[in-house]
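A.B. asks: Heads up: the sequence shown at position 187 corresponds to 516 in our numbering, and the numbers run straight through without jumps.
Idealized CB from N, CA, C, for every residue including glycine.
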Amino acid sequence: MTTNAHASGRRAVKAVIPAAGMATRFLPATKAVPKELLPVVDRPVLQYIVEEAAAAGITDVLLVTGRGKTSMVDHFDRRPDVEARLEEKGDQKRLAEVRRTSELADIYTVRQGEPLGLGHAVGTAASHVGDNAFAVLLGDEFVEEDKPLLPAMLDLQARTGGIVLALGEVKPEETSRYGIASVNQSSEGTDIVEVTGLVEKPAPEEAPSNLAVLGRYILPASIFEAIDNTKPGSGGEIQLTDAMAQLLADGVPVHGIIYRGHRYDTGMPLGYLQTVVMLASKRDDLGEEFRSWLAEFVAGGAKG
Ligand code: G1P
Numbered sequence: 330m331t332t333n334a335h336a337s338g339r340r341a342v343k344a345v346i347p348a349a350g351m352a353t354r355f356l357p358a359t360k361a362v363p364k365e366l367l368p369v370v371d372r373p374v375l376q377y378i379v380e381e382a383a384a385a386g387i388t389d390v391l392l393v394t395g396r397g398k399t400s401m402v403d404h405f406d407r408r409p410d411v412e413a414r415l416e417e418k419g420d421q422k423r424l425a426e427v428r429r430t431s432e433l434a435d436i437y438t439v440r441q442g443e444p445l446g447l448g449h450a451v452g453t454a455a456s457h458v459g460d461n462a463f464a465v466l467l468g469d470e471f472v473e474e475d476k477p478l479l480p481a482m483l484d485l486q487a488r489t490g491g492i493v494l495a496l497g498e499v500k501p502e503e504t505s506r507y508g509i510a511s512v513n514q515s516s517e518g519t520d521i522v523e524v525t526g527l528v529e530k531p532a533p534e535e536a537p538s539n540l541a542v543l544g545r546y547i548l549p550a551s552i553f554e555a556i557d558n559t560k561p562g563s564g565g566e567i568q569l570t571d572a573m574a575q576l577l578a579d580g581v582p583v584h585g586i587i588y589r590g591h592r593y594d595t596g597m598p599l600g601y602l603q604t605v606v607m608l609a610s611k612r613d614d615l616g617e618e619f620r621s622w623l624a625e626f627v628a629g630g631a632k633g
């Protein structure tokens, strides 16, 4: 086990979810509705992310929001009128689901006034986060409930005190969509690697590997100073990857956990549709009927 000068031995207890973006890939649906509230079966995407944090013991969640996105916060508020209605109807199941959304976590918000990049969005969390390590969860992907990533990431970060990333293999031609890590083997455990370099969205011929940074990070509070010192990078934006690369160069330990479970990618229409189909198929209440309809639909040449 690594003991490190940076280590506190305590797990991070706060999460930051950057959610200020405009979501141009889902226009016109996202003209008036934040993409984070698009439903996956009957829960908004954002609820899956908050549930993932809560399941790992993180119940202090800061949403980085922007113009037109305040309805995201309403989703986690109480709805006494709706609850009373469901109570009257004796619909205990839905009542429990509605109540649960307001009991998952304490939700806080901060505004990112201008879309200056992921690094900048995380930087807006500085005063809420304070001096402790914290998690960052990007809203476009989530992982299987029974193969969670965060608990192992939080434990590793408490041991090393540095940065812990989630890494996943991508096709070589996809490197220009992700932060890419170069890595060495690590003695920390199976599927844990030591990160030796980080580059944001490299062209395939320049990528140091095909290990992409997925949307889960545990970061020490020193990231905020690094963000302040980060100049605009890829796409003219202040990149979190560049701020992390600075800390790496300063000697902060950076580890990656290689994730081998399934990732649901709701950031693009195709991935979003696949997520809806996969999760609907797995549901106890409608999975069976949905699967048999889907099989027939596909067998019939997928014509409506
Ligand atoms: C962001 C990060 C990138 C990371 C990706 C994961 O990119 O900048 O390093 O690999 O999320 O989804 P974005 O998807 O915001 O362009």
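#1: Could you have a look at Arg-408 and say whether DSSP puts it in helix, strand or coil?
#2: Go to His-591, then tell me how far its alpha helix (DSSP H) extends in each direction, as first and last residue.
#3: Which value, in whole angstroms, describes the spacing of the CA atoms of Glu-426 and Glu-498?
#4: Measure the CB-CB distance between Thr-394 and Thr-438 and report whether it falls below 9 Å.
#5: Span of the alpha helix (DSSP H) holding Val-458?
#6: When DSSP builds the beta bridges, which residues end up paired with Leu-540?
#7: In this structure, how does DSSP classify Met-330 when only helix, strand and coil are distinguished?
#8: With 16 other CB atoms within 10 Å as the buried threshold, where does Met-573 fall?
#9: Based on Cα-Cα distance, which residue from Asp-484, Ala-454, Leu-375, Ser-431 lies nearest to Leu-467?
#10: From which residue to which residue does the beta strand (DSSP E) around Tyr-437 run?
#11: Determine the DSSP secondary structure at Glu-534, reduced to helix, strand or coil.
#12: Who are the near neighbours of Val-524 in its chain, counting only those whose CB is closer than 6 Å to its CB and skipping five residues on each side?
#13: Classify Gly-526 as helix, strand or coil using the three-state DSSP reduction.
#14: Compare the Cα-Cα distances from Ile-436 to each of Thr-399, Ala-541, Gly-442 and report the closest residue.
#15: Cutting at 8 Å between CB atoms, please list the residues of its own chain near Leu-433, excluding the five before and the five after it.
#16: How far does the alpha helix (DSSP H) with Gly-582 in it reach, from first residue to last?
#17: Bridge partners of Lys-343, per DSSP?
#18: Pop quiz: Asp-571 and Gly-448 are said to be a contact at Cβ under 8 Å. What is the actual Cβ separation, rounded to whole angstroms?
#19: Nearest-angstrom Cα distance between Val-411 and Val-402?
#20: Cutting at 6 Å between CB atoms, please list the residues of its own chain near Pro-363, excluding the five before and the five after it.
#21: Locate the beta strand (DSSP E) running through Ile-567, then write down its first and last residues.
#22: Quick check on the burial criterion: 16 or more other C-beta atoms within 10 angstroms. Buried or exposed for Met-482?
#23: Assign Tyr-507 to one of three DSSP states: helix, strand, or coil.
#24: What do you reckon, are the CB atoms on Leu-366 and Pro-373 nearer than 9 Å?
#25: Which same chain residues, not among the five before or five after Gly-590, have their C-beta less than 6 Å away from its C-beta?
#26: What's the gap between the Cα of Pro-549 and the Cα of Ala-450?
#27: Output needed for Val-627: all residues of its chain with C-beta closer than 8 Å, excluding positions within five of it in sequence on either side, in chain order.
#28: If we ignore side chains and look at the alpha-carbon of each, how far apart do Gln-441 and Lys-632 end up?
#29: Three-state secondary structure (DSSP) at Leu-356?
C.D. replies: So, from the listed chains and residues:
#1: coil
#2: Per DSSP, His-591 belongs to no alpha helix (DSSP H) and is neither H nor E.
#3: 35 Å
#4: yes
#5: 455-458
#6: Glu-498
#7: In this predicted model, Met-330 has a pLDDT of only 46, less than 50, meaning its place in the structure is not dependable; the value taken from the coordinates is given anyway. Reduced to three states, the DSSP call for Met-330 is coil.
#8: buried
#9: Leu-375
#10: 435-440
#11: helix
#12: Ala-510, Val-512, Val-583, Gly-585
#13: strand
#14: Thr-399
#15: Gln-376, Val-379, Glu-380, Ala-383, Thr-388, Phe-405
#16: Note that residue 582 corresponds to Pro in the displayed sequence, not to Gly. Segment: none, Pro-582 is in no alpha helix (DSSP H) and carries neither H nor E.
#17: Asp-389
#18: 7 Å
#19: 17 Å
#20: Lys-398, Met-401
#21: No beta strand (DSSP E) holds Ile-567; DSSP gives it neither H nor E.
#22: buried
#23: coil
#24: yes
#25: Val-472, Glu-473, Lys-476
#26: 16 Å
#27: none
#28: 44 Å
#29: coil
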